[in-house]
Every structure is written in structure tokens, then in C-alpha cells.
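Comments concern the structure below.
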Ligand code: SF4
Ligand code: SF4
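Numbering (my numbering), first residue to last: 576 to 1028.
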């Protein structure tokens, strides 16, 4: 059979068969890795995306045969460890994804390998599991008095050096502070407004606030609320929400993903069926409900209902504008905005909606950078990966620092630095070494600012 080079059809995604008999079979996973790695060896398109591919190609090139048969199987784990499941290789580069007969899904193969690894246990399991318990960490760290101590320790050099030695969190990696009052507890109640559905947008919004906004930066949630109120869109904050499960997915801890999904899905599906658009201010959480959970539970009606209702805030606002229902009475220009598109938003295939929205604000020039920052959730703070995370982000740090003269910009340094993923925003701030200090603002905060708040 002649196999066409690359596929011309839109990529499709197979469900993740994580409850199937073969999923945790290490030998069969190795066989699939060997097949896929060999195709990648012949292709090498993804060499600049992350460190998984350079590691794979080095293993092949430095081996005795220069081919896959020269790479010992135990070395495959080095490729797996470098993948942080950004999904960019699948969604933006690979011509061999289904429906192409080669049926290649590099990220989900890495996920399978991570799941096997997690079941077997690794020396860093305690650290990895602790970092991924985002809600439990938030609950503990935001107890009054504890919160000040935790925040002070995360900025203290001696404590950080000790933390690196004892638990493997890199001493120089940016770590978030914890807020004294969570978003869920401090969010203003929506005014009783009429629901105006548009052709493309639901007229009422349920905010799934996310662990990060709830425990670490509630201000982003408050800014989202201001934008909704300004546009007369009634909203509620989803109650008793659990973590979306992305930090657990990235570890391959699929049982924990299921536990969290079982808590979230009934609540969110009820809201979806009541006609709410469900909005999350962090793209990784949106992606979890739009893609990974529905693929893990393809026959679950709740997962499919939530998938259909879940929306990125800027996708919603741009569509609301198309519906003629978004105000554009901006009071303040934003100046030179260096804007980074987070990978987990890029792979949602909704286009550059944040850029489109920010460009509607007068006296605003947006410099858009579409490349991985290297932060990748908890991956970039780990001792063994932080330096690679900074290296991956270097082109982003450079491009964010030089605001071009194009698109109405004046050139020079940016006035604000923004990423849809606020963790990436802070990682970029660190990488820009002083050029972005005090300039990081989430795009939702920028939109609220533009409306005059
Ligand atoms: S999913 Fe992202 S991190 Fe993983 S191999 Fe692909 S590009 Fe690299
Ligand atoms: S994932 Fe696809 S595009 Fe990337 S190196 Fe492998 S075969 Fe090539």
C-alpha cells in the first residue's frame, strides 16, 4: 500500500482507552513507542518544540546504529519525562495524526507511558503528588497566619534552597503566593439581570474559577466579574468545585483524574443543561473539560454536555461581539501589550481570540508571541526540569521584550506583559530578567482596565 505523506484531512482524536486491557501493558507500550519514535526519527519536524524530541534524536544519533534499534528501551523514559503534554506537536505540527493511517498521537502515547510509570512509582512520586494536589495545598496554605508564613518562605532564599534539597522544587523557580481570601468566598454576587442569549453565545455564565484563581490570584476572577457586569451578563460562581485534574493528568495519575471528574461533572453538567456558558480563566482547565475528560469518558453524557458548554472567556467575548451584545465603550488604551498565547489555548483551535479582543481597544498595540514558554504547569518548577524550562522559554522572553513598531506600536519595551496562562506570565516575567517587573497582567485584567476599572 502506498501511504500518502501527511494528511490533508482535519485531525481527529481517538478516545483514551485507559480502562482497556492493554493500556497498562508495559511491553505493548514500549512497542508502540518504538514504532512512533521511528516515524519521528524520519521526520524530525518537532525538534524545536520541547525537549522530548531533541532527547529522542540524541539517543538515536548517539547510539551504535544511528537508528531506533540502537536505543535501549529503558532510555525511552528519558523522552517521556521531558514531555509535559502541551499537545502542540499533535495539534500544530504532526501530519501523521488520525485519520492518517500511521495513526500517530505522540502526547497521548506519552500520557500512557506516564500512567504506567505512575503506577510503578518513581523516586519523585511524593514531590510530584504533593505539587499536583492544588486544592488541598490551597486549603492548607490559605489558613490565616499559615498564609503569611507560606508566602514568606516561598520568597526566602534559605528556605528555598532547603526546599530544593528536601522536596525537589527548584530554588529559583517562580512560585505563586496564596491569597488571604479565596475568589469563591469573596466574589461579588451578580445583579439580577435579564438573560439575553445571542446566536453564538449563551446569555448567562457559570464561572469555574480554577484552583489558581481561587487560591492564588482571585483578582483575575474579580476582573472577569467586572467585565461580565459591565456587559450586563448575569453570572454565578460554580460552588464546591474540585480541581479540573490537569496536574494529575500530567503525572499520569488517571485514577485521581477520574475521582475529580466524578465530583465536577454532575455539578457542571447540570449548569450546562440549564443553558449556562461555563467559563474558566485558565486555558489548561478549559482544555481538560473540552478535550481530555471527554476523551477519557467518551460515553459519559455529563462529560459531553460539559464539553459543549465550556468556553474560553475571550472566545466568548469575541462571539458576544459578533452577536452585537458586547460593549466597546473602552475608557483606557493599554499601550504596548506583549501577549503570549498559552499552548493549552492554542490547541483548543479557537483562533487568536484574546488578541482579537485586545486589538479592539483603542491606543493598544498587541505583539503576539505564539510559542511555548516552557513553564508547563508544575513541570517547570521541578529541580530537574527548571533550567530546561527556562531554555525552552528563551525565544519567548526575547520576543516579549522587543515590542515591534508594526500594528500601531511605537517599538521599544512593552507596557504590559500578558499570557492567557498566568503561571506562564510569571515564568516569562522571570525569564525577561527585570524587563517585565510589575508589568504582568492577565488579559482579563487588561480588559477590565480598558473598560475603566
Ligand atoms: S505534547 Fe508538547 S511537550 Fe509533549 S512531546 Fe508534544 S510538544 Fe513536546
Ligand atoms: S510528532 Fe509527528 S511531526 Fe512531530 S516529529 Fe513525530 S512524526 Fe514528525
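We treat Cβ as the ideally placed atom computed from N, Cα and C, and that holds for glycine. Here the structure is a predicted model, which means the values were calculated and not measured.
Residue 1071 Cβ short of 8 Å to ligand 2 heavy atom set: For residue 1071 there is no data in the structure shown, the boundaries of the chain being 576 and 1028.
Exposure of residue 576, with buried meaning 16 or more beta-carbon neighbours within 10 Å: For residue 576, the predicted structure reports a pLDDT of 40, less than 50, and the residue's modelled location is therefore unreliable. The matter cannot be settled from this model.
In chain order, each alpha helix (DSSP H) run of at least 4 residues that lies wholly inside the region 655–712: 681–695 and 700–707
Residue 791 at chain C interface by Cβ criterion, 9 Å: The chain inventory of the structure shown lacks chain C, comprising one protein chain alone.
With 16 other Cβ atoms within 10 Å as the buried cut-off, status of residue 966: exposed
Length of the line joining the Cα atoms of residue 861 and residue 618: 31 Å
Presumed contact (8 Å Cβ cut-off) between residue 765 and residue 809, rounded CB distance: 5 Å
Close-in-space but distant-in-sequence residues of the same chain around residue 892 (CB under 7 Å, 5 per side omitted): 901 and 932
Assumed close pair residue 953, residue 706 - CB separation to whole angstroms, cut-off 8 Å: 4 Å
Separation of residue 647 from residue 659, as counted between CA atoms: 22 Å
Touch test, the region 945–959 against the region 999–1019, Cβ-Cβ under 8 Å, three pairs minimum: yes
Minimum C-alpha distance to residue 712 - residue among 869, 817 and 657: 817
In DSSP terms, what residue 942 is bridged to: 913
Spatial distance of residue 986 from residue 905 (CA atoms): 23 Å
Beta-bridge pairing of residue 823 - partner residues as DSSP gives them: BP columns for residue 823 are empty, so no partner.
DSSP bridge partner residues for residue 992 (one or two, in chain order): 913 and 1015
Run of the beta strand (DSSP E) containing residue 891, from where it starts to where it stops: Segment 888–897 is the alpha helix (DSSP H) holding residue 891; no beta strand (DSSP E) there.
Heavy atom of ligand 2 within 8 Å of residue 679 beta-carbon: yes
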